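>
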Amino acid sequence: MINLSIVGFEHVHAPHYLECLRGMRGVEVVALAEPDSTRLEPHARLLAGVPVYSDYRRMLQEVALHGVIICSANARHKEPVIACARAGIPILCEKPLATKAVDAREMLAICTAHDVLLGMCFPARFSPALHQAKQLIHKGELGKVLAVKSTNHSTMPGDWFVDPQLAGGGAIMDHAVHVVDALRWLFEAEFTQLFGHAATRLYDLSVEDVGLLTLEMSNEVFVTLDASWSRPKKSFPIWGDVSLAIIGTEGVLNLELFPWTLNYYAEDAGKHVVIARDGDLNHRLLEDFVKSISHETTISANGLDGLRALEVVEAAYKSITERKVAVL
(Lines of atoms letter the chains of each structure in order from A; the text may use other names.)
(Lines give C-alpha, C1' and ligand atoms only; values in the text may rest on other atoms or scores of the structure.)
Protein backbone atom coordinates (compact mmCIF):
# COMPACT_ATOMS: atom_id res chain seq x y z
CA MET A 25 0.00 0.00 0.00
CA ILE A 26 1.30 3.46 -0.96
CA ASN A 27 0.62 5.98 1.81
CA LEU A 28 0.13 9.51 0.48
CA SER A 29 -0.68 12.91 1.87
CA ILE A 30 -1.78 16.25 0.44
CA VAL A 31 -0.10 19.36 1.83
CA GLY A 32 -2.29 22.41 1.32
CA PHE A 33 -5.85 22.42 0.03
CA GLU A 34 -5.71 25.86 -1.57
CA HIS A 35 -5.38 24.84 -5.20
CA VAL A 36 -8.57 24.28 -7.20
CA HIS A 37 -7.31 20.83 -8.23
CA ALA A 38 -6.79 19.57 -4.66
CA PRO A 39 -10.32 18.16 -4.18
CA HIS A 40 -10.15 16.31 -7.49
CA TYR A 41 -6.72 14.91 -6.66
CA LEU A 42 -8.10 13.62 -3.36
CA GLU A 43 -11.09 12.08 -5.11
CA CYS A 44 -8.81 10.34 -7.64
CA LEU A 45 -6.46 9.04 -4.96
CA ARG A 46 -9.26 7.69 -2.76
CA GLY A 47 -10.51 5.63 -5.70
CA MET A 48 -7.09 4.33 -6.71
CA ARG A 49 -6.11 0.74 -5.94
CA GLY A 50 -3.05 0.26 -3.78
CA VAL A 51 -3.16 3.86 -2.54
CA GLU A 52 -4.31 5.27 0.78
CA VAL A 53 -4.54 8.94 1.71
CA VAL A 54 -3.37 8.70 5.32
CA ALA A 55 -3.23 12.42 6.18
CA LEU A 56 -3.85 15.91 4.91
CA ALA A 57 -2.32 19.18 6.09
CA GLU A 58 -4.20 22.49 5.75
CA PRO A 59 -4.13 25.30 8.31
CA ASP A 60 -7.38 26.91 7.08
CA SER A 61 -10.24 24.62 8.10
CA THR A 62 -12.77 26.66 6.11
CA ARG A 63 -11.20 25.34 2.91
CA LEU A 64 -12.02 21.81 4.00
CA GLU A 65 -15.62 22.31 5.11
CA PRO A 66 -17.20 22.00 1.61
CA HIS A 67 -15.41 18.66 1.17
CA ALA A 68 -16.32 16.98 4.46
CA ARG A 69 -17.67 13.82 2.82
CA LEU A 70 -14.60 13.44 0.61
CA LEU A 71 -12.35 13.90 3.63
CA ALA A 72 -14.20 11.39 5.82
CA GLY A 73 -11.71 9.28 7.75
CA VAL A 74 -8.65 11.26 6.67
CA PRO A 75 -6.69 12.73 9.61
CA VAL A 76 -6.23 16.48 9.12
CA TYR A 77 -3.25 18.42 10.46
CA SER A 78 -3.01 22.18 10.72
CA ASP A 79 0.80 21.99 10.52
CA TYR A 80 2.46 19.92 7.81
CA ARG A 81 5.69 19.76 9.86
CA ARG A 82 3.94 17.87 12.62
CA MET A 83 2.34 15.58 10.05
CA LEU A 84 5.73 14.75 8.54
CA GLN A 85 7.00 13.83 12.01
CA GLU A 86 4.03 11.66 13.01
CA VAL A 87 2.87 9.95 9.80
CA ALA A 88 4.78 7.37 7.75
CA LEU A 89 4.48 8.56 4.16
CA HIS A 90 5.59 7.25 0.77
CA GLY A 91 4.74 10.49 -1.03
CA VAL A 92 3.31 13.97 -0.69
CA ILE A 93 1.35 16.14 -3.12
CA ILE A 94 1.80 19.89 -2.65
CA CYS A 95 -1.40 21.84 -3.37
CA SER A 96 -0.80 25.07 -1.47
CA ALA A 97 -0.70 28.55 -3.02
CA ASN A 98 2.23 29.11 -5.38
CA ALA A 99 4.30 31.14 -2.92
CA ARG A 100 3.85 28.44 -0.28
CA HIS A 101 5.44 25.58 -2.27
CA LYS A 102 9.04 26.12 -1.27
CA GLU A 103 9.04 25.33 2.46
CA PRO A 104 7.04 22.06 2.34
CA VAL A 105 9.00 20.84 -0.68
CA ILE A 106 12.27 21.39 1.17
CA ALA A 107 10.89 19.82 4.35
CA CYS A 108 9.74 16.72 2.46
CA ALA A 109 13.07 16.46 0.65
CA ARG A 110 14.98 16.56 3.92
CA ALA A 111 12.63 13.89 5.29
CA GLY A 112 13.32 11.71 2.24
CA ILE A 113 9.69 11.77 1.00
CA PRO A 114 8.92 11.84 -2.75
CA ILE A 115 7.05 14.96 -3.88
CA LEU A 116 4.53 15.87 -6.56
CA CYS A 117 4.21 19.65 -6.69
CA GLU A 118 1.47 21.75 -8.23
CA LYS A 119 2.57 24.19 -10.88
CA PRO A 120 4.33 26.55 -10.94
CA LEU A 121 7.16 25.05 -8.94
CA ALA A 122 7.68 28.42 -7.24
CA THR A 123 7.00 32.09 -7.92
CA LYS A 124 10.68 32.84 -8.55
CA ALA A 125 13.23 30.82 -10.49
CA VAL A 126 15.85 31.35 -7.79
CA ASP A 127 13.60 29.57 -5.30
CA ALA A 128 12.86 26.78 -7.77
CA ARG A 129 16.59 26.20 -8.27
CA GLU A 130 17.11 25.94 -4.51
CA MET A 131 14.21 23.48 -4.19
CA LEU A 132 15.55 21.36 -7.03
CA ALA A 133 19.09 21.42 -5.62
CA ILE A 134 17.94 20.24 -2.18
CA CYS A 135 15.80 17.44 -3.67
CA THR A 136 18.79 16.35 -5.77
CA ALA A 137 21.14 16.47 -2.78
CA HIS A 138 18.78 14.22 -0.79
CA ASP A 139 18.07 11.97 -3.80
CA VAL A 140 14.34 12.68 -3.49
CA LEU A 141 11.88 12.48 -6.36
CA LEU A 142 10.38 15.85 -7.32
CA GLY A 143 7.56 15.65 -9.85
CA MET A 144 5.42 18.37 -11.40
CA CYS A 145 1.68 18.59 -11.98
CA PHE A 146 1.70 18.99 -15.76
CA PRO A 147 -1.32 16.87 -16.81
CA ALA A 148 -1.17 17.98 -20.45
CA ARG A 149 1.74 15.54 -20.89
CA PHE A 150 -0.75 12.70 -20.46
CA SER A 151 -3.08 13.76 -23.27
CA PRO A 152 -3.31 10.99 -25.89
CA ALA A 153 -3.82 13.72 -28.50
CA LEU A 154 -0.42 15.20 -27.60
CA HIS A 155 1.21 11.75 -27.77
CA GLN A 156 -0.37 11.09 -31.17
CA ALA A 157 0.86 14.48 -32.38
CA LYS A 158 4.39 13.64 -31.27
CA GLN A 159 4.27 10.38 -33.21
CA LEU A 160 3.08 12.12 -36.37
CA ILE A 161 5.74 14.83 -36.06
CA HIS A 162 8.54 12.31 -35.48
CA LYS A 163 7.37 10.28 -38.49
CA GLY A 164 7.69 13.42 -40.60
CA GLU A 165 4.01 13.56 -41.49
CA LEU A 166 3.94 17.35 -41.12
CA GLY A 167 7.22 17.97 -42.89
CA LYS A 168 9.19 20.71 -41.18
CA VAL A 169 7.22 22.23 -38.30
CA LEU A 170 7.18 26.00 -38.69
CA ALA A 171 4.89 27.41 -36.05
CA VAL A 172 2.43 26.72 -33.24
CA LYS A 173 -0.61 28.79 -32.29
CA SER A 174 -1.50 27.88 -28.71
CA THR A 175 -4.03 28.88 -26.07
CA ASN A 176 -4.81 28.19 -22.46
CA HIS A 177 -7.94 30.17 -21.61
CA SER A 178 -10.17 30.05 -18.56
CA THR A 179 -12.38 32.10 -16.37
CA MET A 180 -10.82 34.37 -13.75
CA PRO A 181 -10.24 32.02 -10.77
CA GLY A 182 -10.28 34.63 -8.00
CA ASP A 183 -9.12 33.75 -4.46
CA TRP A 184 -5.33 33.75 -3.98
CA PHE A 185 -4.76 33.37 -7.74
CA VAL A 186 -5.26 37.15 -8.03
CA ASP A 187 -2.98 37.99 -5.09
CA PRO A 188 0.44 38.91 -6.55
CA GLN A 189 2.24 37.92 -3.35
CA LEU A 190 0.73 34.43 -3.18
CA ALA A 191 0.39 33.70 -6.91
CA GLY A 192 3.49 35.46 -8.23
CA GLY A 193 1.52 36.86 -11.16
CA GLY A 194 -1.80 36.55 -12.92
CA ALA A 195 -3.00 34.71 -16.01
CA ILE A 196 0.49 34.23 -17.46
CA MET A 197 1.84 32.66 -14.26
CA ASP A 198 -1.29 30.53 -13.98
CA HIS A 199 -1.58 29.28 -17.55
CA ALA A 200 1.60 29.68 -19.59
CA VAL A 201 3.53 26.92 -17.80
CA HIS A 202 1.15 24.20 -19.05
CA VAL A 203 1.67 25.04 -22.72
CA VAL A 204 5.38 25.76 -22.30
CA ASP A 205 5.91 22.33 -20.77
CA ALA A 206 3.74 20.56 -23.35
CA LEU A 207 5.74 22.11 -26.21
CA ARG A 208 9.11 21.37 -24.57
CA TRP A 209 8.02 17.74 -24.29
CA LEU A 210 6.49 17.61 -27.76
CA PHE A 211 9.53 18.97 -29.62
CA GLU A 212 12.28 18.03 -27.16
CA ALA A 213 13.51 21.59 -27.54
CA GLU A 214 13.93 24.66 -25.38
CA PHE A 215 12.60 28.20 -25.63
CA THR A 216 15.27 30.71 -26.63
CA GLN A 217 13.59 34.12 -26.67
CA LEU A 218 10.20 35.75 -26.31
CA PHE A 219 8.22 38.96 -26.30
CA GLY A 220 5.31 39.39 -23.93
CA HIS A 221 2.30 41.64 -23.60
CA ALA A 222 -0.07 41.70 -20.65
CA ALA A 223 -2.85 43.89 -19.33
CA THR A 224 -5.70 44.02 -16.85
CA ARG A 225 -8.74 44.63 -19.02
CA LEU A 226 -11.60 42.50 -17.79
CA TYR A 227 -11.52 42.71 -14.00
CA ASP A 228 -10.37 45.09 -11.29
CA LEU A 229 -7.27 43.16 -10.26
CA SER A 230 -3.69 43.69 -9.11
CA VAL A 231 -2.46 41.13 -11.65
CA GLU A 232 -2.90 40.68 -15.41
CA ASP A 233 -6.02 38.95 -16.68
CA VAL A 234 -4.93 38.87 -20.33
CA GLY A 235 -1.55 37.82 -21.65
CA LEU A 236 -0.11 37.13 -25.07
CA LEU A 237 3.37 35.75 -25.70
CA THR A 238 5.32 35.26 -28.91
CA LEU A 239 8.20 32.83 -28.50
CA GLU A 240 10.96 31.10 -30.43
CA MET A 241 12.34 27.63 -29.74
CA SER A 242 15.74 26.06 -30.28
CA ASN A 243 14.30 24.02 -33.18
CA GLU A 244 13.32 27.30 -34.95
CA VAL A 245 9.61 26.81 -34.26
CA PHE A 246 7.71 30.08 -33.74
CA VAL A 247 5.00 30.02 -31.06
CA THR A 248 2.15 32.29 -30.04
CA LEU A 249 0.46 31.71 -26.69
CA ASP A 250 -2.72 33.31 -25.39
CA ALA A 251 -2.87 32.59 -21.65
CA SER A 252 -5.80 34.82 -20.69
CA TRP A 253 -8.56 34.64 -18.10
CA SER A 254 -10.93 35.78 -20.82
CA ARG A 255 -13.85 33.37 -20.71
CA PRO A 256 -17.32 33.91 -19.16
CA LYS A 257 -17.11 33.23 -15.45
CA LYS A 258 -20.57 31.72 -15.01
CA SER A 259 -20.53 29.30 -17.92
CA PHE A 260 -16.97 28.43 -18.98
CA PRO A 261 -14.88 25.72 -17.23
CA ILE A 262 -12.17 27.08 -14.96
CA TRP A 263 -9.70 24.66 -16.53
CA GLY A 264 -9.29 22.65 -19.69
CA ASP A 265 -9.07 24.96 -22.73
CA VAL A 266 -5.59 23.99 -23.89
CA SER A 267 -5.30 24.04 -27.66
CA LEU A 268 -2.44 23.72 -30.14
CA ALA A 269 -2.48 24.41 -33.88
CA ILE A 270 0.77 22.98 -35.24
CA ILE A 271 1.68 24.18 -38.73
CA GLY A 272 4.14 22.26 -40.88
CA THR A 273 5.23 22.41 -44.51
CA GLU A 274 3.24 19.24 -45.31
CA GLY A 275 0.29 19.40 -42.92
CA VAL A 276 -1.47 20.94 -39.94
CA LEU A 277 -2.52 19.45 -36.60
CA ASN A 278 -5.27 21.00 -34.50
CA LEU A 279 -5.31 19.65 -30.93
CA GLU A 280 -7.68 20.14 -28.03
CA LEU A 281 -6.08 18.51 -25.00
CA PHE A 282 -9.20 18.64 -22.76
CA PRO A 283 -11.09 16.62 -23.99
CA TRP A 284 -8.70 14.74 -26.22
CA THR A 285 -9.17 15.56 -29.88
CA LEU A 286 -6.74 15.81 -32.74
CA ASN A 287 -7.54 16.78 -36.33
CA TYR A 288 -4.98 16.13 -39.05
CA TYR A 289 -5.11 18.08 -42.30
CA ALA A 290 -2.89 17.39 -45.30
CA GLU A 291 -3.23 17.52 -49.07
CA ASP A 292 -2.93 13.76 -49.51
CA ALA A 293 -4.68 12.69 -46.31
CA GLY A 294 -7.83 14.77 -46.09
CA LYS A 295 -9.21 15.35 -42.62
CA HIS A 296 -8.89 12.66 -39.94
CA VAL A 297 -10.11 12.81 -36.37
CA VAL A 298 -7.43 10.66 -34.79
CA ILE A 299 -8.67 10.90 -31.21
CA ALA A 300 -12.02 12.17 -29.90
CA ARG A 301 -12.92 11.07 -26.39
CA ASP A 302 -13.09 12.32 -22.85
CA GLY A 303 -10.76 11.28 -20.06
CA ASP A 304 -9.23 12.27 -16.75
CA LEU A 305 -5.67 13.44 -17.23
CA ASN A 306 -5.30 14.25 -13.53
CA HIS A 307 -5.88 10.58 -12.75
CA ARG A 308 -3.11 9.63 -15.17
CA LEU A 309 -0.85 12.24 -13.60
CA LEU A 310 -1.37 10.77 -10.14
CA GLU A 311 -0.94 7.21 -11.37
CA ASP A 312 2.39 8.25 -12.88
CA PHE A 313 3.50 9.63 -9.51
CA VAL A 314 2.48 6.44 -7.69
CA LYS A 315 4.31 4.26 -10.23
CA SER A 316 7.38 6.46 -9.92
CA ILE A 317 7.36 6.02 -6.14
CA SER A 318 7.21 2.26 -6.70
CA HIS A 319 10.05 2.51 -9.26
CA GLU A 320 7.79 1.08 -11.97
CA THR A 321 8.50 4.08 -14.19
CA THR A 322 10.34 7.40 -14.28
CA ILE A 323 8.28 10.47 -13.45
CA SER A 324 7.02 12.15 -16.63
CA ALA A 325 7.61 15.77 -15.57
CA ASN A 326 10.28 16.40 -12.97
CA GLY A 327 11.54 19.38 -11.03
CA LEU A 328 13.86 20.45 -13.82
CA ASP A 329 10.86 20.62 -16.15
CA GLY A 330 9.12 22.79 -13.57
CA LEU A 331 12.15 25.09 -13.39
CA ARG A 332 12.40 25.42 -17.18
CA ALA A 333 8.71 26.35 -17.46
CA LEU A 334 9.07 28.91 -14.68
CA GLU A 335 12.15 30.42 -16.36
CA VAL A 336 10.06 31.08 -19.47
CA VAL A 337 7.34 32.76 -17.41
CA GLU A 338 9.91 34.84 -15.55
CA ALA A 339 11.37 35.92 -18.89
CA ALA A 340 7.86 36.83 -20.05
CA TYR A 341 7.36 39.19 -17.11
CA LYS A 342 10.80 40.69 -17.75
CA SER A 343 9.87 41.31 -21.38
CA ILE A 344 6.56 42.90 -20.36
CA THR A 345 8.27 45.18 -17.84
CA GLU A 346 11.12 46.21 -20.13
CA ARG A 347 9.02 46.21 -23.31
CA LYS A 348 11.63 44.33 -25.28
CA VAL A 349 12.56 40.79 -26.28
CA ALA A 350 13.83 38.63 -23.42
CA VAL A 351 16.52 36.06 -24.16
CA LEU A 352 16.60 32.82 -22.18
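Using the numbering used here, the first residue of the sequence shown is number 25, and each one after it goes up by one. Even glycine gets a Cβ: it sits at the ideal position worked out from N, Cα and C. Note that this is a predicted model, so its numbers are computed, not measured.
Run through the region 119-167 for me and flag every whole beta strand (DSSP E) of 3 or more residues, listed as ranges in chain order.
Fully contained in the region 119-167 are the following beta strand (DSSP E) runs of length 3 or more, in chain order: 142-144.
> Taking 8 Å as the threshold, find out whether the region 186-201 comes into contact with the region 232-240 through three or more Cβ pairs.
yes
> When the Cα of I134 is compared with those of M83, V76, E103, which residue comes out closest?
E103
> Residue range of the alpha helix (DSSP H) that C44 falls in?
Counting along the chain, the alpha helix (DSSP H) containing C44 begins and ends at 38-46.
> Should the region 150-157 be called in touch with the region 122-139, which here means at least 3 C-beta pairs below 8 Å?
Segments in contact, no.
> What does the alpha-carbon distance come out to for the pair P256 and H37?
20 Å
> Going along the chain, which residues of its own chain have a beta-carbon closer than 6 Å to the beta-carbon of E214, five neighbours each way excluded?
S242
> Just the C-alpha distance for D183 and A223, rounded to the nearest angstrom, thanks.
19 Å
> Per DSSP, which one or two residues make a beta bridge with A223?
A223 is bridged to V234.
> So what does DSSP say about V172, is it helix, strand or coil?
strand
> So is S316 buried or exposed if we call it buried at 16+ other beta carbons inside 10 Å?
By the C-beta density criterion, S316 is buried, having at least 16 other C-beta atoms within 10 angstroms.
> Would S178 and G264 qualify as a contact pair, given that the criterion is a beta-carbon distance under 9 Å?
Going by beta carbons, S178 and G264 fall inside the 9 Å limit.
> Return the chain-ordered list of same chain residues with a C-beta closer than 6 Å to the C-beta of M83, the five sequence neighbours on each side being excluded.
A55, A57, Y77
> Using the C-alpha atoms, what's the distance from S254 back to L229?
13 Å
> I need the straight-line Cα distance from T216 to P120, nearest angstrom please.
20 Å
> Is it a yes or a no for the region 115-130 touching the region 91-107, going by three-plus beta-carbon pairs under 8 Å?
Contact holds: three or more Cβ-Cβ distances are below 8 Å.
> In the DSSP assignment, find the unbroken beta strand (DSSP E) run with A57 in it and report its ends.
51-57
> In the DSSP assignment, find the beta strand (DSSP E) that holds C117 and state where it starts and stops.
115-117
> May I ask you to list the residues that DSSP assigns as paired with S267?
Partner(s): T175, E280.
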